[in-house]
Amino acid sequence: MTLDDSNIQRSKILLLGQRRSGKTSIHRVLFDDAVPKETFYLEPTTRIEKHIYDTIIPLEIWDCPGNTTPDTLSAPLSDFDAVIYVIDMTDQQYQKSIEQLVRFAQAAYTAAAESIIFEVFVHKTDSYSEDYRFENFQQINARIEDDLFDISLPETFVTCKQTSIYDHTLHSSFSTLVHKLIGTVTLGFVEELCNSFCANAQASKAFLFDVNSRLYVATDASPVDAGTLALCLDYIRTLHKLAPLYTSLTATPLRLRPDTPPPALTPALSATSPAGTATTTPARTPATRSPASPSAALLPAVSNLAASTPSLASAISSRTPAASTPSTPSPPPFSPSAAMSLAGGTTLTYHAAGPSLALLALLPTNVLEKRRGLLEYNAVFFREGVLEIGGVIREARSGTADGKDAKADGGKKKK
Numbered sequence: 025m026t027l028d029d030s031n032i033q034r035s036k037i038l039l040l041g042q043r044r045s046g047k048t049s050i051h052r053v054l055f056d057d058a059v060p061k062e063t064f065y066l067e068p069t070t071r072i073e074k075h076i077y078d079t080i081i082p083l084e085i086w087d088c089p090g091n092t093t094p095d096t097l098s099a100p101l102s103d104f105d106a107v108i109y110v111i112d113m114t115d116q117q118y119q120k121s122i123e124q125l126v127r128f129a130q131a132a133y134t135a136a137a138e139s140i141i142f143e144v145f146v147h148k149t150d151s152y153s154e155d156y157r158f159e160n161f162q163q164i165n166a167r168i169e170d171d172l173f174d175i176s177l178p179e180t181f182v183t184c185k186q187t188s189i190y191d192h193t194l195h196s197s198f199s200t201l202v203h204k205l206i207g208t209v210t211l212g213f214v215e216e217l218c219n220s221f222c223a224n225a226q227a228s229k230a231f232l233f234d235v236n237s238r239l240y241v242a243t244d245a246s247p248v249d250a251g252t253l254a255l256c257l258d259y260i261r262t263l264h265k266l267a268p269l270y271t272s273l274t275a276t277p278l279r280l281r282p283d284t285p286p287p288a289l290t291p292a293l294s295a296t297s298p299a300g301t302a303t304t305t306p307a308r309t310p311a312t313r314s315p316a317s318p319s320a321a322l323l324p325a326v327s328n329l330a331a332s333t334p335s336l337a338s339a340i341s342s343r344t345p346a347a348s349t350p351s352t353p354s355p356p357p358f359s360p361s362a363a364m365s366l367a368g369g370t371t372l373t374y375h376a377a378g379p380s381l382a383l384l385a386l387l388p389t390n391v392l393e394k395r396r397g398l399l400e401y402n403a404v405f406f407r408e409g410v411l412e413i414g415g416v417i418r419e420a421r422s423g424t425a426d427g428k429d430a431k432a433d434g435g436k437k438k439k
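So the sequence shown is numbered by our numbering: it starts at 25 and just counts up by one.
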């Protein structure tokens, strides 16, 4: 989803952390489709880098150097909607990171306690086994809570999550942050669309994904299973890699489309050249003419008419190219779909729901086989609902005088 208006109001996310904590890797994997193992060679961030990304809501992400402080930040913290502080779990000297985190938490709480979201990503959890990973996370989380208590900040102001670029945890954690930025009202409408689709299509789970970042911007009311989420992420990546191999005929420019066979009347009408000279065409014998085919009976008559009246044939041939000169209507939007059979009689389906959004659903295979038309019918209505909600969000964030400070759901305003 691309928002061309330069005055669009974007949700700003501040990405903080010590040097080599993994801030830039998080951004590159999520929004630049970078391979996780290649992010090891990224250069450290030396200045604030601003990145713009458009999903169901427009985002602006500030990737900051490790030595950034609330005083050296080029904008007040009240301008930001969310702060993500990244702590490297493999760093044995993480106390320095916690001290910087607490300084930013205190400044953010003072600047905009009611409107800013503050989350901590305890990153690089893939370096440890599951038991040791949980133990380290508990220690870091307890230390953060103690330091926040010492400065009289509520524990609920900061949320800690385990993340890694090598599994689904990063996408899951960032997705929940996007849910908070969307707002409860707007998110409720999208979730209701997912619930309605599940009820009508007999689906056990439905996600609305941003296909480029693989963040799910909404889901139905049922709990999110880690295995199901990981399966959807892998499926989207596979389709994204295979997409360049396929194309839509309606979306292909006319000059690149394959030549279509000439219509039935073309050989007969071309009995005369543009210059008006008649050309001979082999006459059909009665034996090759099918009585049941009315076109076969009409073709010789049309051919003889064209040959006997060169002026008429010339007029027809001269007007034929002109018929294609008027501008043709734009082709309908291409909405691809796909399905993958799973074990246990379950199928994972994919339906495009916008320029960069897709509906992924788990449903019984027999429903797809016997009621595919009904499934596609519900997917169309889901897509129309998502596009309508997206239009409302763009209008609310358009930067007009009436809605300059409004959020997507008409919610929080900056103090």
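Note that CB positions come from ideal geometry on N, CA and C, so glycine has one too.
These numbers were taken from a predicted model, which means no experiment stands behind them.
Item	Value
8 Å Cβ cutoff met for Thr243 and Ser188	no
Residue nearest to Glu62 in terms of C-alpha spacing, selected from Ala385, Thr70, Arg52, Thr200	Arg52
Glu408 (DSSP reduced to helix, strand or coil)	helix
Coarse secondary structure for Leu97, derived from DSSP in three states	coil
Distance CB(Ile50)-CB(Leu194) smaller than 8 Å	yes
Residues that Gln186 bridges to, as DSSP identifies them	Val146
Coil, strand or helix - Glu393 by DSSP	helix
Neighbour flag for Thr93 against chain D, beta carbons, 8 Å	Protein chain content of the structure displayed is limited to a single chain, and chain D is not contained in it.
Three-state secondary structure (DSSP) of Thr26	Below a pLDDT of 50, predicted positions are generally treated as unreliable, and Thr26, at 46, falls in that range; no measurement from the model is reported.
Exposure label - Asp258; buried when at least 16 CB within 10 Å	exposed
Local conformation of Thr134 per DSSP, three classes	helix
Glu143 to Glu393 span [Cα, whole Å]	44 Å
Beta-carbon proximity of Val235 to Leu383, cut-off 8 Å	no
The alpha helix (DSSP H) enclosing Thr208, as first and last residue numbers	208-225
Endpoints, alpha helix (DSSP H) assigned at Leu266	250-266
Neighbourhood of Arg167 by C-beta distance below 7 Å, restricted to the same chain and skipping five residues each side	Ile122
Through-space distance from Ser102 to Ser237, alpha-carbon basis	27 Å
Where the beta strand (DSSP E) containing Glu73 begins and where it ends	73-78
Terminal residues of the beta strand (DSSP E) in which His375 lies	370-376
Opening and closing residue of the alpha helix (DSSP H) in which Ala106 lies	Unbroken run through Ala106 is the beta strand (DSSP E), 106-112; no alpha helix (DSSP H).
N- and C-terminal bounds of the beta strand (DSSP E) containing Ile37	35-41
Reference Gln42; option with closest CA among Ala58, Asp57, Val59, Thr70	Thr70
As assigned by DSSP and simplified to three states, the class of Asp191	coil
Closest by C-alpha distance to Pro247, when choosing among Tyr270, Thr262, Arg261, Phe231	Phe231
Selection from Tyr152, Asn219, Cys184, Phe405 that minimises the alpha carbon distance to Gly378	Phe405
Segment limits, beta strand (DSSP E) that includes Asp87	82-87
Start and end residues, alpha helix (DSSP H) containing Asp174	154-174
Pairwise C-alpha distance: Ala245 and Asp112	33 Å
Residues that Asp234 bridges to, as DSSP identifies them	Leu239, Leu381
Cβ-based burial, Ile175 [other Cβ within 10 Å; buried from 16]	exposed
DSSP bridge partner residues for Ser361 (one or two, in chain order)	His375
Outcome for Phe198 when other beta-carbon atoms lying within 10 angstroms are tallied against a minimum of 16	buried
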